[in-house]
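Engineer: Here the sequence shown is numbered in the numbering used here, starting from 39 and rising by one per residue.
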Amino acid sequence: MPHKHAVAILFGIIIGVLAGAVIGWIGGTPVHAVAWIGTVFLNALQMLVIPLVLAAVISGVLSAGDIRHFGTVGGWTVAYYLVTTGIAVFIGLVMVNLVQPGVGVDMAGATEVPETIAGGEGAGATDFINAVLPPNLVAAAAETKLLPLIVFALAFGVALVAVGEPGRPVAQFFTGFNEAIMKLVIWLMYMAPLGILGLVAGRLGEAGGGDALIQQVSAVGWHVVTVVAGLALHFLVLFVILRLVTGRGLQYLVTMLRAVLTALATASSSGTLPLTMEGVRENRVGASARRIVLPLGATVNMDGTALYEACAVLFIAQAYGLDLTLAQQGIVFVTATLAAIGAAGIPEAGLVTMVIVLNAVGLPLEGIGLLLAVDWLLDRFRTATNVWGDAVGAAVVDNFLQRQGGKAPLG
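The structure is reproduced here in structure tokens:
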């Protein structure tokens, strides 16, 4: 995309976010009528996700060339996810211990287990494996379950590399298909400012406008402050990692703001994936890194979610007047880190993983009811952090590959 067009779209998205917030804040419930504009935009983005994931992952494996090089990409990707998710959980735990947001909270909302998580208590390894390897790939695609598609695309790409010359026409097809999908993404970006305005204004309208939002936030205000401050700190930590490891800096962040702000408006990592991939490509990250790291990241790299869950679990403990020991907080650290990474194949992933963490330290599930009123708002901030973490991950993994002499093509 020409630089001047990219800058214009970025400013348009910023104006869309601000205008949507003002309109939704002042207009209140009637403004929800404009939500259809955002829904059209979000549907158009999500329509591209499935073909983009298949084409990007398959062509990403092919761009690696050597299967051993593909294994290197995977190894660095998993290492990055574990380290940054662990950092996010640690930041969440420190913030909650410092601020103590749950002390003195009104417990009126913690009377019963929310319907959205009822029955999620038993989710385990078997559910995860069944979700990753479903019997019907088409049905998984219809439900936008990305992890099974990624697993298939990775295996299919490796198979194309293994068969050699007979697979070349198929490889060329997916490479060209990926370029065509990215062109559609560029065209769709011109609609982003208006779509994001509709999403933000519509969601604030649904919440009842500014007065209703203030009422919702005030009930657990310190929890909101703690989570947002923690996410902001982790966002900065990721920027420092980007700078120290790759030498990239503000220009990389500015280019990625279109995707980050879209994530803030949509609360969907997978829905934002097309814009994330275009932004990383404009930042000239190698093909094998971005095409493998980003689809996986949109599915399993949940830094913001992991930080939020650590904050939420300790908030619930404080609200009940329970003082978790250092050992119990260590369990929260390990469980939240692993649960966030393993959440991709579990239905209602964010809430179910919180159930897993609460069960690990013996806290009542009813406590989640305290958080539901503001969960939609915090979801947007943690999704934006997730997307930024994915973008940084692509640059970090690409840097490691280049240092090892495995530089991938930029196309």
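Even glycine gets a Cβ: it sits at the ideal position worked out from N, Cα and C.
For Arg-35 and Asp-249, I'd like the C-alpha separation in whole angstroms.
Structural biologist: As shown, the chain starts at 39 and ends at 449. That puts residue 35 outside it, with no answer to give.
Engineer: Is Asp-436 close to chain C, meaning its C-beta is less than 9 Å from at least one C-beta of that chain?
Structural biologist: No chain C is part of this structure, which consists of one protein chain only.
Engineer: Does the beta-carbon of Ile-61 have 16 or more other beta-carbons within 10 angstroms, so that it is buried, or is it exposed?
Structural biologist: buried
Engineer: Helix or strand or just coil, what does DSSP make of Lys-183?
Structural biologist: coil
Engineer: Could you round the C-beta distance between Thr-182 and Val-95 to whole angstroms and report it? I think they count as a contact, below 8 Å.
Structural biologist: Taking a contact as a CB-CB distance under 8 Å, the pair Thr-182 and Val-95 does not count as one, their CB atoms being some 15 Å apart.
Engineer: Can you tell which of Asn-135, Leu-237 and Met-85 has the C-alpha that lies nearest to the C-alpha of Gly-76?
Structural biologist: Leu-237
Engineer: Could you check which residue in Phe-212, Lys-42 and Gly-247 has the C-alpha nearest to that of Val-99?
Structural biologist: Phe-212
Engineer: Hey, how far is the Cα of Val-55 from the Cα of Leu-48?
Structural biologist: 11 Å
Engineer: I need the straight-line Cα distance from Ile-384 to Lys-221, nearest angstrom please.
Structural biologist: At Ile-384, the pLDDT of 47 sits below 50, so the modelled position is not reliable and the matter cannot be decided from this model.
Engineer: Which same chain residues end up closer than 7 Å to Ala-191 when comparing Cβ atoms and leaving out the 5 residues on each side of it in sequence?
Structural biologist: Val-91, Leu-92, Val-95 and Ile-96
Engineer: Does the beta-carbon of Tyr-228 have 16 or more other beta-carbons within 10 angstroms, so that it is buried, or is it exposed?
Structural biologist: exposed
Engineer: Comparing alpha-carbon positions, which option in Thr-343, Val-351 and Leu-396 lies nearest Asn-135?
Structural biologist: Val-351
Engineer: In this structure, does DSSP put Asn-174 in helix, strand or coil?
Structural biologist: coil
Engineer: Just checking my contact of Gly-427 with Leu-345 at CB under 8 Å: how many whole Å lie between their CB atoms?
Structural biologist: Actually they do not touch by this definition, with Cβ atoms about 10 Å apart.
Engineer: Between which two residues does the alpha helix (DSSP H) harbouring Asp-361 extend?
Structural biologist: Where Asp-361 is concerned, there is no enclosing alpha helix (DSSP H), given that its DSSP letter is neither H nor E.
Engineer: Would you grab the beta carbon distance between Pro-186 and Leu-175 for me? Rounded to a whole angstrom, and I think it's under 8 Å.
Structural biologist: 6 Å
Engineer: On the premise that Ala-378 lies in contact with Thr-123, defined as a C-beta separation below 8 Å, what is that separation, rounded to the nearest angstrom?
Structural biologist: For a cut-off of 8 Å, the C-beta gap from Thr-123 to Ala-378 is around 6 Å, short enough to register as a contact.
Engineer: Of the choices Ala-325, Val-121, Met-340 and Leu-311, whose alpha-carbon is the least far from that of Gly-439?
Structural biologist: Note on identity: in this sequence residue 439 is Leu, with Gly being the wrong assignment. Measuring from the Cα of Leu-439, the nearest candidate turns out to be Ala-325.
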